[in-house]
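See structure below.
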Amino acid sequence: MPIRIPDQLPATEILEGENIFVMTEHRAISQDIRPLKLLLLNLMPTKVATETQILRKLSNTPLQIEVELLRTISHEAKNVSEQHLENFYTDFESVKDRHFDGMIITGAPVEKLDFEQVDYWEELCDIMRWSQTHVHSTFHICWGAQAGIYFHYGVAKHELQKKRVGVFPHKVLKPSSPLVRGFDDVFMAPHSRYTEVNAEDIENNPLLEMIAYSDEAGVYLAKSIDSRNFFVFGHPEYDVDTLLGEYTRDTSQGITDTMPKNYFPNDDPTQAPRATWRSHAQLLYTNWLNYYVYQTTPYDIDAIGEE
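Heads up, our numbering is the position in the sequence shown plus 1323, with the first residue counted as 1.
Set out below in structure tokens:
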């Protein structure tokens, strides 16, 4: 089944070119079905690329999903046109009286700042607080995961000595969890960050459980016991060339020692990188949507948040 997105969104043409079934608003009008309603809070500066990456993962499921794009208004986006934001994005004021089956909160390149120093932190806190009563299940990515686990459960982030970047092997710690159903015992996933959360802080919190971990990259997957909040501390949505783009940018800015590990064949940056994480990434999104959104959300969407 398809995702339903605005007809003219740039991701529509890209995904259709990849033979992904995209249902435009025009066609969806004739469908008598209650699609899952998802809100994507996009905090990344490269909004179009991030939209496309995440929509690609949401599209490859047997579910019909209606996605709305959300932005913060307390931060001025500099890497996307105002026209794009006006055409395709909404703000919190416009959605705060509605309910959603799921929400995704992306990462953001603000890791070195304390949370309270981020210019949209108060607005983000309002959104995360609202999600507790208006969203059935929320999926947090990278810095969004660090922000969410700090806001909801008080788990702090810690600065690394240098950027942790590359594609790392991870162990499934709780194979009985539906979130990792179908995963290999060891799987690869990309990371790109300057901060981390400590595994023991999650293990010592009775409201949280850790699902996957990397000896080299640290915590990768964690969730709340009530399955309302999911935290992914890497970037499973990344395209094959995303880390290459970051590496090229860092090198051009004179930032050294940021070559992604286990990314280029033979760790040779003159060779084209290979994606070794696509299948697990797709399964992660599919499992979340199926087991924690579709199968448990109330049919009456306005009942979300009720005891």
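All residues carry an ideal CB built from backbone N, CA and C; glycine is no exception.
Check: Are the CB atoms of Leu1386 and Met1426 nearer to each other than 9 Å?; Outcome: no
Check: DSSP state of Met1451, grouped into three classes?; Outcome: helix
Check: Roughly how many angstroms separate the alpha carbons of Phe1462 and Leu1567, rounded to a whole number?; Outcome: 25 Å
Check: Taking only three categories from DSSP, how would you classify Ala1512?; Outcome: strand
Check: Can you list, in chain order, the residues of its chain whose CB lies under 7 Å from that of Phe1411, leaving out five sequence neighbours each side?; Outcome: Pro1329, Leu1332 and Leu1392
Check: Closest by CA to Arg1551, which one among Ala1512, Lys1494 and Ile1627?; Outcome: Ile1627
Check: Per DSSP, what are the beta-bridge partners of Val1555 in this structure?; Outcome: Ile1464 and Leu1544
Check: How many Å lie between Leu1502 and Asn1613 at the Cα?; Outcome: 9 Å
Check: Quick check: Glu1519 and Leu1483, are their CB atoms within less than 9 Å of each other?; Outcome: yes
Check: What first and last residue would you give for the alpha helix (DSSP H) that runs through Arg1572?; Outcome: Thr1565 to Ser1575
Check: Report yes if the C-beta distance between Ile1472 and His1558 is below 9 Å; otherwise report no.; Outcome: no
Check: Quick one: Cα of Asp1437 to Cα of His1514, how far?; Outcome: 20 Å
Check: DSSP three-state label for Gln1440, please.; Outcome: helix
Check: Tell me where the beta strand (DSSP E) around Ser1550 begins and ends.; Outcome: Element bounds for Ser1550: n/a, residue is neither H nor E.
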